Amino acid sequence: MPRKSVVALAAVCLGIAAALALVTLIVVQGRGETRAGTAGQAIEAGVEGQPTAGGPFTLVNQDGETVDQTLLDGKWSLVFFGFTYCPDYCPTTLAFLQALKTELGPDGEDLQMIFVSVDPARDTPQALKDYLSSDGFPEGVIGLTGTPEQVAAAADAYDVFYSKSGEGEAYTMNHSLAIWLMGPDGKARQTLNYELGPETAADIFRRVKARG
């Protein structure tokens with residue numbers, strides 16, 4: 043499917059997020075979805091029994107530059123994992139982030155958004171750059187990829203599950219659903235999900251940011 047068509051699909055997907063969330067959860071049921079938070083749920087990170095995220099990583103951004111965890115220093119960030127061939131969750135999440143950015147207005151001007159690929163075999167820096175520049179996605183999203191080993195290490199640091207499904211060029215990737223809200227100290231504060239909707243997510247972000 044052409045990338046522009048994927049973006050058009052995202053707008054529709056955002057309107058039927060509940061159905062997509064159910065489908066995606068079925069795919070990962072029993073295989074790590076609770077590590078990332080279920081659809082429509084925000085989980086406070088670091089609370090006893092809840093997931094945590096953050097730690098050292100080394101990856102490459104869409105401009106071919108090597109970056110590490112210091113990318114998060116001094117900024118509020120939303121970090122999520124996906125892949126550019128994703129037919130539903132990833133474009134829907136990016137459309138949600140655009141809506142969230144609009145909802146936040148001036149409160150979201152310094153909010154950094156980071157998309158980490160779990161499909162390094164196909165998601166080269168140039169592929170990420172082309173994908174993230176698609177209409178309907180937020181401007182300035184940072185795309186990250188790397189070697190399979192680097193991606194695995196980053197996913198482990200963020201408590202993210204992913205696995206390859208299928209063979210040949212048509213394979214897909216199952217992966218966790220969380221959007222991690224990271225503080226300026228590089229530590230997780232909360233998980234979000236697109237099914238929360240931009241208004242609820244914006245309220246959560248403002249409350250968490252006010253706490254520091």
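Quick note: the sequence shown uses our numbering, first residue 43, plus one each step. Cβ coordinates follow ideal geometry from the N, Cα and C atoms, glycine included. Fair warning: this is a prediction, and the values are worked out from it, not measured in the lab.
- In this structure, the beta-carbon distance from residue 197 to residue 160 falls below 8 angstroms.
- Linking residue 186 to residue 112 through their CA atoms gives a straight-line distance of about 14 angstroms.
- Here residue 95 has 200, 201, 222, 230 as same chain residues with Cβ atoms under 6 angstroms from its own Cβ, once five neighbours each way along the sequence are excluded.
- Collapsing the DSSP output to three states places residue 140 in a helix.
- With respect to the 8 angstroms criterion, residue 234 and residue 180 are not classified as neighbours on the basis of their beta carbons.
- Its Cα nearest to that of residue 184, the residue 167 stands out among 167, 190, 193.
- DSSP places residue 164 outside both helix and strand once states are collapsed to three, so it counts as coil.
- In this structure, residue 224 and residue 101 do not form a Cβ contact; the two beta carbons are roughly 15 angstroms apart against a cut-off of 8 angstroms.
- Nearest Cα to residue 239 within the set 104, 107, 144: 144.
- Here residue 217 is not near residue 236, since their CB atoms are 8 angstroms or more apart.
- Collapsing the DSSP output to three states places residue 170 in a helix.
- At a Cβ-Cβ threshold of 8 angstroms, residue 189 and residue 162 count as neighbours.
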